[in-house]
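Numbering (our numbering), first residue to last: 10 to 563.
Have a look at this one:
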């Protein structure tokens with residue numbers, strides 16, 4: 010990803026990040042192994058490190074164990090050089106270094122050189138040779154000429170085109186990407202033809218630094234399909250579309266990267282009225298959505314769409330959603346339907362209230378989602394923080410892990426439920442080391458919506474709500490313990506308000522306690538939570554794990 014005049018951003022791998030964090034902690038870090046207690050999804054960034062290659066090449070960062078920056082990072086001479094300033098566009102604060110951080114940070118890398126430069130200008134001529142002296146006029150012409158290791162420099166101006174990178178274009182290579190580089194924020198608007206405004210069907214292309222103004226037309230802004238390994242949309246501003254989404258992957262799209270973009274104001278007024286920021290469709294594989302600001306859309310920020318109701322295609326498999334800033338859409342921040350191998354980590358997600366088509370859930374995991382990890386996120390100002398289960402047509406969600414999230418200020422305004430985490434029909438969901446505070450109800454489970462909440466595991470959580478836990482009759486095989494409940498928190502069992510001891514007896518919980526979490530800066534817990542947890546396989550510092558999302562003393 011270009012910083013300026015050929016400079017790029019690079020990533021650290023999840024494996025390198027974890028190693029760096031444990032090395033920093035030395036002998037004070039402990040972990041029984043991530044697989045000893047918690048099922049760990051196959052991380053797209055770890056199982057396929059070749060996917061996010063240059064301009065996102067593996068590198069190291071955040072050796073102190075801090076969480077990487079959130080949302081779009083400013084890149085000079087691009088449409089994301091400056092975003093509207095607001096207090097929420099900031100990293101997730103921690104009171105001390107944290108062990109086991111796996112999110113991939115963006116950082117600077119060395120200058121990139123190209124084997125040839127092609128120049129496009131509104132004043133050019135497609136009969137020219139593509140040099141600075143005789144630039145081409147259309148991006149389309151340049152796309153058909155550029156080869157591996159070359160760059161197309163698109164000068165400032167307006168280009169009314171459908172930019173298609175398909176059979177008309179050469180494929181890039183892992184070591185020789187083809188870069189379509191906007192300079193001075195050139196603006197692409199819909200031109201002649203059909204389909205999305207930018208259509209990517211070749212691997213190892215980089216589209217960097219464009220304003221993509223869809224002008225309310227009922228089309229996608231950018232589509233990825235087929236083998237698009239390493240192809241990247243970066244540093245761009247996508248806005249004002251009227252189709253299904255700003256960006257979508259489909260038709261066996263594999264390896265696409267959507268990174269450091271501002272995606273907003275996609276509004277659909279027909280049909281279900283859903284216009285999302287990013288939609289990952291069935292058959293997509295190993296898709297990365299990183300460091301984007303996605304807001305003010307009539308659908309979700311990111312939706313992983315299952316095949317239910319419209320196709321028999323295999324579900325998407327491998328989606329990494331990290332370091333993003335999602336807020337103020339009509340529906341959800343992240344909606345995971347029947348998709349496999351999903352990681353949602355280190356995102357800030359807020360401002361999701363009930364609407365005519367949504368209940369104000371911030372993160373939704375339902376249908377037959379499988380192998381989904383939700384970790385290290387900050388979620389607030391919604392009607393429900395994280396919801397598992399509900400709608401399904403086949404198997405219930407399974408292999409869901411919710412850990413180290415900060416969920417707070419969940420509201421009942423406008424008819425919202427006010428629940429931090431809700432578990433309904435699902436199998437084996439693991440909820441560990443989350444901090445849930447300033448909510449009406451900390452945790453709801455086992456109410457039988459769509460079926461039982463089978464074998465849930467709930468440990469090491471701070472559940473600081475007016476109602477700490479609301480437990481229904483359908484949670485067979487539940488393991489609940491080592492949580493810290495609010496000192497004045499109430500409990501519900503099968504709809505009746507009960508005391509803490511009766512609740513613990515009914516739930517088979519012999520190890521949770523009640524008292525003040527005494528939360529400080531960055532949700533750092535007080536004495537009743539420090540070293541009071543049980544080892545669930547996550548790295549920790551001190552004599553035992555802390556209760557809640559934040560580990561102290563590292």
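Quick reminder that beta carbons are idealized off the backbone N, C-alpha and C, glycines included.
- Check the Cα spacing between residue 174 and each of 400, 123, 234: the tightest is with 234.
- The residues 104, 105, 533, 534, 539, 550, 551, 555, in chain order, have a CB closer than 8 Å to that of residue 561 in the same chain once the five nearest residues on each side in sequence are set aside.
- Excluding residues up to 5 positions away in sequence, 439, 488 lie with their Cβ nearer than 6 Å to the Cβ of residue 466 in the same chain.
- If you draw a straight line from the Cα of residue 524 to the Cα of residue 563, it is about 24 Å long.
- By the criterion of a C-beta distance shorter than 6 Å, residue 209 is surrounded in its chain by 174, 233, 237, 240, once the five residues flanking it on both sides are discounted.
- In the DSSP assignment, residue 159 falls within the unbroken beta strand (DSSP E) covering 159–163.
- In this structure, 189 is the residue among 141, 189, 142, 171 with its C-alpha nearest to the C-alpha of residue 159.
- In this structure residue 340 is buried. Its beta-carbon is surrounded by 16 or more other beta-carbon atoms within 10 angstroms.
- Between the alpha carbons of residue 486 and residue 432 lies a gap of roughly 14 Å.
- Its Cα nearest to that of residue 195, the residue 165 stands out among 259, 247, 221, 165.
- In this structure, DSSP gives residue 232 an extended state, which the three-state scheme calls strand.
- One alpha carbon belongs to residue 360, the other to residue 286, and they sit about 16 Å apart.
- Take the alpha-carbon of residue 394 and the one of residue 492: they are about 18 Å apart.
- From the listed residues 531, 267, 125, the smallest Cα separation to residue 328 is found for 267.
- In terms of Cβ geometry, residue 406 and residue 378 form a close pair [threshold 9 Å].
- Judged by their CB atoms, residue 247 and residue 272 are nearer to each other than the 9 Å cut-off.
- For the pair residue 293 and residue 312, the Cα-to-Cα distance works out to about 12 Å.
- Residue 178 places its beta carbon less than 9 Å from that of residue 153.
- Residue state for residue 511 is assigned as helix, using DSSP reduced to three classes.
- A check of alpha carbon separations from residue 291 across 472, 321, 335 identifies 321 as the nearest.
- Counting C-beta pairs with one atom in each stretch, the segment 456–471 and the segment 491–505 have three or more that are closer than 8 Å, which means they touch.
- Between residue 413 and the set 430, 398, 399, the nearest pair of CA atoms involves 430.
- For the beta strand (DSSP E) assignment, the uninterrupted runs of no fewer than 3 residues enclosed by the segment 438–519 are, from N- to C-terminal side, 439–441, 444–454, 466–468, 471–480, 488–490, 499–502, 505–507.
- For residue 89, there is no enclosing alpha helix (DSSP H), as DSSP marks it with neither H nor E.
- Sequence-distant Cβ neighbours of residue 224 in its own chain, meaning closer than 7 Å and more than five residues away, are 198, 199, 249.
- Inclusion of residue 96 and residue 89 in the CB contact set at 9 Å is not warranted, their separation being larger than that value.
- Residue burial is scored here from C-beta neighbours: residue 506 has fewer than 16 other C-beta atoms within 10 angstroms and is therefore classed as exposed.
- Put simply, the backbone Cα of residue 202 is about 29 Å away from that of residue 318.
- In this structure, residue 476 and residue 449 form a Cβ contact; the two beta carbons are roughly 7 Å apart against a cut-off of 8 Å.
- In terms of CA proximity to residue 531, 446 leads the group 446, 218, 334.
- Residue 417 has its alpha-carbon roughly 10 Å from the corresponding atom of residue 427.
- Sequence-distant Cβ neighbours of residue 527 in its own chain, meaning closer than 6 Å and more than five residues away, are 535.
- The three-state reading of DSSP puts residue 319 in coil, since its state is none of H, G, I, E or B.
- The closest CA to that of residue 147, considering only 460, 548, 191, 298, is found on 191.
- A Cβ-Cβ distance of about 6 Å is found for the pair residue 81 and residue 300, placing them in contact under the 8 Å criterion.
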